[in-house]
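Engineer: Following this message is one structure expressed as C-alpha cells.
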Amino acid sequence: MKRVGVVGIPKGWSTLQLVDALAQRGVTPILIDMARARLDLATRTVWHAEVEMTALDAVIVKKIAPTYSPDALDRMDILRFVSARGVPVFSDPDSMYRLIDRLGCTTALRLGDIPMPPTTITEDVDEALAAVENYGRAVFKPLYSSKARGMTVIETGSAAREEIEDFQAAGNRVMYIQRMVSHAGGHLDLGVSFLGGKYLATYARQGDGNSWDTTTRTGGKYVPYEPGAEIVALAEKAQALFPGMAFTCVDVVETPDGAAIYEVSAFGGFRGLLDACGLDAAGLYADYVLERIA
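Mapped onto our numbering, the consecutive letters of the sequence shown carry residue numbers -9 to 284.
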C-alpha cells in the first residue's frame, strides 16, 4: 500500500479533507506537521516522528504553516531536500517557495507582464507617503500573510505619516503598498483555480460591506461565479509563471479598467470550491497525485 505524506495543519479542515480523500482511495495518508520535521544531513534523510519522509511514495503540501513567515521558507527548504532525494512533492517546492513571499510572487508576475493594481515597495517612509498621496487610498500589506491578516488601509491626510510609521514599526520594514482599486460588478474578488495547470473552476469572495476586504475572516462569503474566457486566460498565464504548481488559485479582481491579478496562491483553497461550486477539490487533487505515482 502506498504511503503519501500530507503536509498541513493538524485538525485543519482542508488538511483533513485531503487525508480522508487519500484514505478513501486505498492509500495510507500520513499527516505531517512541519514543526515536528527533522532533517538529518549526516544520513540525508528527513523524518516526522518515526516516519521517514524521504522514503514516502509522495508528499502533498496543503499548508506549510498556520501563518506565513520567513520560517515557512525554511520549512520549504526541507521539502526541497525531500524532493531532491527522489520523492515526488506536490506542488513543486521551488515554485511554492517563490509564492510564499508576496514580493517574490508579484515581482515575478510583473516581469511576466501580468496586470496588477499599481504597487510600490519601499523601506523609506517618505517614499511610502508619496505613494499614498499618488494613490489616494492604499493597502499596506505584510510580505508574509494570507486572508488580509496584518493589512492596513491608509489614505491621504494629516495622519498618513504616523500610520505608515506604525505599520513599519509593527514588523514591516519593507512596505508593500498597493493602490486600493474599485471593484466592477460588486464587492467581489475571484479565486480562479487550477489543477495540474488546467483550469478547474472559479469561486468569488463577496464582502459583506462592513470591511474593505472580501475575506471570509471578516464576514465575506463564497459565491458561485462564471468568469469570462479572458479572465481564465489571464489567470492561466499568471499561474504558468510558476511551473510545477499541482494545485493553485489565482486571486483576480475585476476593475473598471479591466482584470488585474493580486497574487498566485502557494497552496490553493478547497473551501471556496466546495461551498461555491460543489467541487470536491481534495478528491480531485488526490486523484491527480495518485495517477502520477501509480
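Where is the CB? At the ideal position from N, CA and C, for every residue including glycine.
(1) Between residue 8 and residue 271, what straight-line distance do the alpha-carbon atoms span, to the nearest angstrom?
(2) Looking at the strands, I want to know which residues DSSP matches up with residue 183.
(3) Taking the straight line between their C-alpha atoms, what separation do you get for residue 98 and residue 61?
(4) Straight-line CA distance for residue 27 to residue 52?
(5) Tell me the start and end of each unbroken alpha helix (DSSP H) in the stretch 45 to 82 that is at least 4 residues and wholly inside, in chain order.
(6) Would you give the residue range spanned by the alpha helix (DSSP H) that residue 227 belongs to?
(7) Our contact map puts residue 240 next to residue 250 with C-beta atoms below 8 Å; I'd like the distance itself, whole angstroms only.
(8) Counting pairs of beta carbons, one from the stretch -9 to -1 and one from the stretch 9 to 21, are three or more of them closer than 8 Å?
(9) Suppose contacts are defined by Cβ-Cβ distances below 8 Å. Is residue 89 in contact with residue 95 by that definition?
(10) To the nearest angstrom, report how far apart residue 115 and residue 140 are at their CA atoms.
(11) May I ask you to report which of helix, strand or coil DSSP gives residue 102?
(12) Inspect the beta-carbon positions of residue 254 and residue 222 and report whether they are closer than 8 Å.
(13) Using CA atoms only, rank isn't needed, just tell me which of 283, 281, 122, 274 is closest to residue 10.
(14) What are the residues that DSSP puts in a beta bridge with residue 144?
(15) Kindly indicate which residue of 132, 165, 118 has the alpha-carbon position closest to the one of residue 146.
(16) Sorted by chain position, which residues of the same chain lie with C-beta nearer than 8 Å to residue 134's C-beta, five sequence neighbours on each side aside?
(17) Per the DSSP calculation, residue 250 is bridged to which residue(s)?
(18) What distance in whole Å lies between the Cβ atoms of residue 232 and residue 85, which are believed to be in contact at a cut-off of 8 Å?
(19) Whether or not the stretch 256 to 268 and the stretch 210 to 217 are in contact is what I'm after, with contact meaning three or more pairs of Cβ atoms, one per stretch, closer than 8 Å; do they touch?
(20) What number of angstroms, rounded off, separates the C-alpha of residue 278 from the C-alpha of residue 186?
(21) Between which residues of its own chain and residue 228 is the CB-CB distance below 7 Å, once the five residues before and five after are set aside?
(22) List the endpoints of the continuous alpha helix (DSSP H) containing residue 164.
Structural biologist: The short version:
(1) For this step, residue 8 is matched to residue 18 along the sequence shown. For this step, residue 271 is matched to residue 281 along the sequence shown. The straight-line gap from Cα to Cα measures roughly 9 Å.
(2) Indexing the sequence shown from 1 puts residue 183 at position 193. Bridge partners of residue 183: 191, 239.
(3) Counting from 1 along the sequence shown, the entry for residue 98 is found at position 108. Counting from 1 along the sequence shown, the entry for residue 61 is found at position 71. Their backbone Cα atoms lie some 21 Å apart in a straight line.
(4) On the sequence shown, position 37 is the one that residue 27 refers to. On the sequence shown, position 62 is the one that residue 52 refers to. Roughly 15 Å between the two C-alpha positions.
(5) With a minimum length of 4 residues, the continuous alpha helix (DSSP H) runs that stay inside the stretch 45 to 82 are 60 to 74.
(6) By one-based count along the sequence shown, residue 227 stands at place 237. Taken as a continuous stretch (DSSP letters only), the alpha helix (DSSP H) holding residue 227 covers 219 to 230.
(7) The sequence position of residue 240 within the sequence shown is 250, counting from 1. The sequence position of residue 250 within the sequence shown is 260, counting from 1. Between residue 250 and residue 240 the Cβ distance is about 11 Å, and since that is not below 8 Å, they are no contact.
(8) Touching, per the Cβ criterion.
(9) Residue mapping note: residue 89 aligns to position 99 of the sequence shown, counting from 1. Residue mapping note: residue 95 aligns to position 105 of the sequence shown, counting from 1. Note that the C-beta distance between residue 89 and residue 95 is below 8 Å.
(10) Residue numbering aside, residue 115 sits at position 125 when the sequence shown is read from its first letter. Residue numbering aside, residue 140 sits at position 150 when the sequence shown is read from its first letter. If you take the alpha carbons of residue 115 and residue 140, they lie about 18 Å apart.
(11) As a position in the sequence shown, residue 102 is number 112, starting the count at 1. If DSSP states are grouped into helix, strand and coil, residue 102 belongs with coil.
(12) Looking up residue 254 in the sequence shown gives position 264. Looking up residue 222 in the sequence shown gives position 232. In this structure, residue 222 does not lie closer than 8 Å to residue 254 by Cβ.
(13) Looking up residue 10 in the sequence shown gives position 20. For the set 283, 281, 122, 274, the Cα lying nearest the Cα of residue 10 is the one of 274.
(14) Start at 1 with the first residue of the sequence shown, and residue 144 comes out as number 154. Bridge pairing for residue 144: 128 [DSSP].
(15) By 1-based counting over the sequence shown, the position of residue 146 is 156. Here the closest residue by C-alpha is 118.
(16) The residue you call residue 134 lines up with position 144 of the sequence shown. Residues of the same chain with a CB within less than 8 Å of the CB of residue 134, apart from the 5 flanking positions on each side, are 57, 58, 59, 60, 62, 90, 91, 92 in chain order.
(17) The sequence position of residue 250 within the sequence shown is 260, counting from 1. Answer by DSSP bridge pairing, in chain order: 243.
(18) Position 95 of the sequence shown, counting from 1, holds the residue named residue 85. Position 242 of the sequence shown, counting from 1, holds the residue named residue 232. Contact between residue 85 and residue 232 is confirmed by a C-beta separation of about 4 Å, below the 8 Å threshold.
(19) Three or more beta-carbon pairs separated by less than 8 Å link the stretch 210 to 217 to the stretch 256 to 268, which places the two stretches in contact.
(20) Taking the first residue of the sequence shown as 1, we reach residue 278 at position 288. Taking the first residue of the sequence shown as 1, we reach residue 186 at position 196. If I take the Cα positions, the gap works out to 8 Å.
(21) Within the sequence shown, residue 228 is the residue found at index 238, counting from 1. The beta carbon of residue 228 sits closer than 7 Å to those of 99, 104, 240, 251, 254, all from its chain and outside the five residues before and after it, given in chain order.
(22) Counting from 1 along the sequence shown, the entry for residue 164 is found at position 174. In the DSSP annotation of this structure, residue 164 is not part of any alpha helix (DSSP H), being labelled neither H nor E.
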